[in-house]
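Peer 1: Structure incoming, see below.
Residue numbers (our numbering): 20 to 559.
Okay, structure coming up:
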């Protein structure tokens, strides 16, 4: 594939500046495509420019521009530089809300908080820089396989970010395609499979930007069309409804700077959640993460006993977010399930803990000590913990950003007869203020609903408290930053999607191995082309 012509005439005078600026702008566009950050007029909302909505075409265009720059780069080093700038801008814009949690609520000085966000983004961007260095090196000697090489290395970079060193795949490109033409592939391929298709779509856009030969577009276009046709024609799952459950999701709107204050936030939370748990008539009442910010023995006299007695009889149950444990055995960020007929309360202990907020990585205590974050060191719960079974439904619970890790949620789907019929997430997004974390968290739940063909219930402290159906549609939601109860009737689902079936058994390894097989096959079968390349350029 011939190198693309420059998008800017001035690039000839300054070959370093314009590609760098364009990479940064494209990265910013990719960040915006994950959740459009500004309100737009009604006439623009038809093309997806509604605040908080993903822009699939914006993501595809941004990645296509990056690929264009990489193909035009004279060396792997320059390609890696463009990739690092692109990913740093993209990731900084995607989780810039971490500044609020570290500075506003963690007490870290503003310059240090900003530097920490930038440093995290820059560190994670190294995955993409390394992948694009390898891609460029191979593409120089294997021009015929550029598309498949790019897809393989892009997916490997995405998966490395999402899985290595505890993983932080927040803002993966697949989330931008929730409402786009690639969404039907989610029940088959999952997030990373759709990320591969998004890379293929970016290849098409990049070929169009080059405007050299439409014939070059034909092969990747046919490949993408074939995949989309298959996922449209073949049924993803033979799912059936398992009945309806009436639920109440509680959003207490306790300000984060008061949440652990023993004179204001804690008493207000105990009063409000206590009243709502007693007053609700729904079959199941769900509170947010650490709605009761005290251990059971630290609650006011009789409070916990009265709450247990409230759900010991009758036709109602509750899932309550609260810490558990003691000084000797350690503490857990947990959900307690109360329902009639049980000898002991059901519990779920958070498995995937947040670095710095819930556990301290090795050699990083100095950084944690700079912030004032309570409850900063928890024990880890098991991977596939029992579901909360109630009125014919099996509810799989997660806390906070655990809904980001679909391979961990899939551990519940190994046995179809015991697979969850609903997914539930309890969160406290008050750490992140007014920023886009709420919209992005809701998008994550929507994508999980499509992957697993399950409704997803979100109970949060300050927003987005919502109900998502099995088709990924938000059917009920509360406004942000109000103390209110959301009432809804939710239909459970059974049946296992192709994605849930294979990821429950093998995790994400099939995607990893397929990507590596692509790379290895190019290295092995591209030997003749590579030898010819070196013979031409070295004379040997």
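Note that the Cβ used here is the ideal one computed from N, Cα and C, for glycine as well. Just so we're clear, the structure is a prediction, and the values are computed from it rather than from any experiment.
Evaluate contact between the segment 66-81 and the segment 138-151, counting only Cβ atoms and requiring at least three cross-stretch pairs below 8 angstroms.
Peer 2: no
Peer 1: Just to confirm my understanding: we take residue 402, look at its own chain, exclude 5 residues before and 5 after, and list those with CB closer than 7 angstroms. What are they?
Peer 2: Within the chain shown, numbered from 1, the residue matching residue 402 stands at position 383. Closer than 7 angstroms at Cβ, skipping near neighbours: 370, 427 and 430.
Peer 1: Helix, strand or coil for residue 265? Go by DSSP, reduced to three states.
Peer 2: Counting from 1 along the chain shown, the entry for residue 265 is found at position 246. Note: residue 265 maps to strand in three-state DSSP.
Peer 1: Could you tell me which whole beta strand (DSSP E) segments of length 3 or greater appear in the segment 144-182?
Peer 2: none
Peer 1: Would you call the segment 37-53 and the segment 98-106 in contact, with 3 or more CB pairs under 8 angstroms?
Peer 2: yes
Peer 1: Taking only the alpha-carbon atoms, compute the straight-line gap between residue 221 and residue 266 and give it to the nearest angstrom.
Peer 2: One-based indexing of the chain shown puts residue 221 at position 202. One-based indexing of the chain shown puts residue 266 at position 247. Cα to Cα, residue 221 sits roughly 42 angstroms from residue 266.
Peer 1: Restricting to Cα atoms, I'd like to know which of 525, 226, 372 and 347 is closest to residue 397.
Peer 2: Reading the chain shown from its first residue, position 378 is the one you call residue 397. Out of 525, 226, 372 and 347, 372 has the C-alpha closest to the C-alpha of residue 397.
Peer 1: Does the beta-carbon of residue 257 have 16 or more other beta-carbons within 10 angstroms, so that it is buried, or is it exposed?
Peer 2: Stepping through the chain shown from its first residue, residue 257 is reached at position 238. Exposed: under 16 other Cβ atoms inside 10 Å.
Peer 1: Pick out whichever of 110, 151 and 113 has its Cα sitting closest to the Cα of residue 90.
Peer 2: The residue labelled residue 90 in the question sits at position 71 within the chain shown. Nearest C-alpha to residue 90: 151.
Peer 1: Just list the residues that DSSP pairs residue 55 with in beta bridges.
Peer 2: As a first step, residue 55 is located in the chain shown; it is residue number 36 there, counting from the start. According to DSSP, residue 55 bridges with nothing at all.
Peer 1: Taking contact to mean 3 or more Cβ pairs, one atom from each stretch, closer than 8 angstroms, check whether the segment 108-124 and the segment 447-456 are in contact.
Peer 2: yes
Peer 1: Taking residue 422 as the reference, give the member of 130, 194, 313 and 496 with the closest Cα.
Peer 2: Here the question's residue 422 lines up with position 403 in the chain shown. Comparing Cα-Cα distances from residue 422 to each of 130, 194, 313 and 496, the minimum goes to 194.
Peer 1: With DSSP as the reference, identify every bridge partner of residue 529, one or two as the case may be.
Peer 2: Position 510 of the chain shown, counted from the start, is the residue given in the question as residue 529. Answer by DSSP bridge pairing: none, since residue 529 is not bridged.
Peer 1: Taking residue 50 as the reference, which of 400, 144, 108 and 83 has the closest Cα?
Peer 2: What you label residue 50 is simply residue 31 of the chain shown in a count that begins at 1. Residue nearest to residue 50 within the set 400, 144, 108 and 83 is 108 (criterion: CA-CA distance).
Peer 1: Do you know how far the Cα of residue 69 is from the Cα of residue 484?
Peer 2: Here residue 484 refers to the residue found at position 465 when the chain shown is read from its first residue. Here residue 69 refers to the residue found at position 50 when the chain shown is read from its first residue. C-alpha separation (whole angstroms): 19 angstroms.
Peer 1: Which residue marks the beginning of the beta strand (DSSP E) containing residue 365, and which one marks its end?
Peer 2: Walking along the chain shown from the start, residue 365 turns up at place 346. First-last of the beta strand (DSSP E) with residue 365: 365-368.
Peer 1: Buried or exposed for residue 290, going by 16 or more other Cβ atoms inside 10 Å?
Peer 2: Here residue 290 refers to the residue found at position 271 of the chain shown. Exposed, since its Cβ has fewer than 16 Cβ neighbours within 10 Å.
Peer 1: With residue 425 as the anchor, note down where its alpha helix (DSSP H) starts and where it stops.
Peer 2: Position 406 of the chain shown, counted from the start, is the residue given in the question as residue 425. Run containing residue 425: 425-428, per the alpha helix (DSSP H) assignment.
Peer 1: Per DSSP, which residues does residue 441 bridge with? Please list them.
Peer 2: Position 422 of the chain shown, counted from the start, is the residue given in the question as residue 441. Paired residue(s): 414.
Peer 1: What separation, rounded to the nearest whole angstrom, lies between the Cα atoms of residue 457 and residue 446?
Peer 2: In the chain shown, counting from the first residue as 1, residue 457 sits at position 438. In the chain shown, counting from the first residue as 1, residue 446 sits at position 427. Cα to Cα, the separation comes out at about 10 angstroms.
Peer 1: Would residue 146 pass as a contact of residue 179 if the rule is Cβ separation under 8 angstroms?
Peer 2: Here residue 146 refers to the residue found at position 127 of the chain shown. Here residue 179 refers to the residue found at position 160 of the chain shown. It is a contact, given that the beta carbons lie within the stated cut-off.
Peer 1: Would residue 2 be called buried (16 or more neighbouring beta carbons within 10 Å of its own) or exposed?
Peer 2: Residue 2 lies beyond the residue range present for the chain, which begins at 20 and ends at 559; the question has no answer from this structure.
Peer 1: Contact defined as beta carbons within less than 8 angstroms: I believe residue 268 pairs with residue 505. What is the distance between those atoms, to the nearest angstrom?
Peer 2: Against the chain shown, residue 268 aligns to sequence position 249. Against the chain shown, residue 505 aligns to sequence position 486. That belief holds up - the Cβ atoms of residue 268 and residue 505 are roughly 4 angstroms apart, short of 8 angstroms.
Peer 1: Across the segment 295-309 and the segment 529-545, are there enough close Cβ pairs to call them in contact, namely three or more that are closer than 8 angstroms?
Peer 2: no
Peer 1: For the putative contact between residue 407 and residue 416, defined by C-beta atoms under 8 angstroms, what is the C-beta separation to the nearest angstrom?
Peer 2: In the chain shown, the residue the question calls residue 407 occupies position 388. In the chain shown, the residue the question calls residue 416 occupies position 397. Right, their Cβ atoms sit about 6 angstroms apart.
Peer 1: In the DSSP assignment, what are the bridge partners of residue 336?
Peer 2: Reading the chain shown from its first residue, position 317 is the one you call residue 336. Partner(s): 303.
Peer 1: State yes or no: is the C-beta of residue 279 within less than 8 angstroms of the C-beta of residue 312?
Peer 2: For this step, residue 279 is matched to residue 260 along the chain shown. For this step, residue 312 is matched to residue 293 along the chain shown. The answer is yes: Cβ separation under 8 angstroms.
Peer 1: Using CA coordinates, which residue listed in 54, 341, 168 and 200 is at the minimum distance from residue 357?
Peer 2: The residue labelled residue 357 in the question sits at position 338 within the chain shown. Nearest of 54, 341, 168 and 200 to residue 357, Cα basis: 341.
Peer 1: Does the contact criterion of 3 or more C-beta pairs under 8 angstroms hold for the segment 322-341 versus the segment 461-472?
Peer 2: no
Peer 1: Output needed for residue 191: all residues of its chain with C-beta closer than 7 angstroms, excluding positions within five of it in sequence on either side, in chain order.
Peer 2: Start at 1 with the first residue of the chain shown, and residue 191 comes out as number 172. Excluding residues within five positions, the ones whose Cβ falls inside 7 angstroms are 177, 181, 210 and 214.
Peer 1: Buried or exposed: which applies to residue 540, given that a residue is buried once 16 or more other Cβ atoms fall within 10 Å of its Cβ?
Peer 2: As a position in the chain shown, residue 540 is number 521, starting the count at 1. Counting Cβ neighbours within 10 Å, residue 540 comes out exposed, since fewer than 16 surround it.
Peer 1: In terms of residue numbering, what span does the beta strand (DSSP E) encompassing residue 408 cover?
Peer 2: Locating residue 408 in the chain shown gives position 389, counting from the first residue. Element bounds for residue 408: 407-409.
Peer 1: Suppose contacts are defined by Cβ-Cβ distances below 8 angstroms. Is residue 433 in contact with residue 523 by that definition?
Peer 2: In the chain shown, residue 433 corresponds to position 414, counting from 1. In the chain shown, residue 523 corresponds to position 504, counting from 1. Taking 8 angstroms as the Cβ cut-off, residue 433 and residue 523 qualify as a contacting pair.
Peer 1: Could you check which residue in 515, 362, 508 and 527 has the C-alpha nearest to that of residue 9?
Peer 2: As shown, the chain starts at 20 and ends at 559. That puts residue 9 outside it, with no answer to give.
Peer 1: Applying the 10 Å Cβ sphere with the 16-neighbour rule, what's the burial state of residue 155?
Peer 2: Residue numbering aside, residue 155 sits at position 136 when the chain shown is read from its first letter. That one is buried.
Peer 1: In terms of alpha-carbon separation, which member of 208, 260, 243 and 106 lies closest to residue 527?
Peer 2: Numbered from its first residue, the chain shown carries residue 527 at position 508. Residue 208 is the option with its Cα nearest to residue 527.
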